[in-house]
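To start, the structure itself, in structure tokens.
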Amino acid sequence: DWRIEYNTRRPHSSLDWLAPATYAGHWRAEQLAGLS
């Protein structure tokens, strides 16, 4: 399915050339680190 490719593997220029899933994982880790 193209949506899986688009959201998990395809880099996006607006996300500093990360795939959306990778960007979300980094963002989530930063949020959790801030709670500690």
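Counted the way this note's numbering counts, the sequence shown spans residues 21 to 56.
Virtual Cβ for every residue (Gly too), placed ideally from N, Cα, C.
Note that the coordinates shown come from a computational prediction; the quantities given were computed from them, not determined experimentally.
What separation, rounded to the nearest whole angstrom, lies between the Cα atoms of residue i and residue j?
i	j	result
R23	R30	10 Å
L38	H32	6 Å
Y26	L52	26 Å
G54	Y43	17 Å
D21	G45	21 Å
Could you tell me which residues DSSP pairs with residue i in its beta bridges?
i	result
L38	H32
Thinking just about the alpha-carbon of each residue, which of the options is nearest to the one in residue i?
i	options	result
A41	E50, T28 and A49	T28
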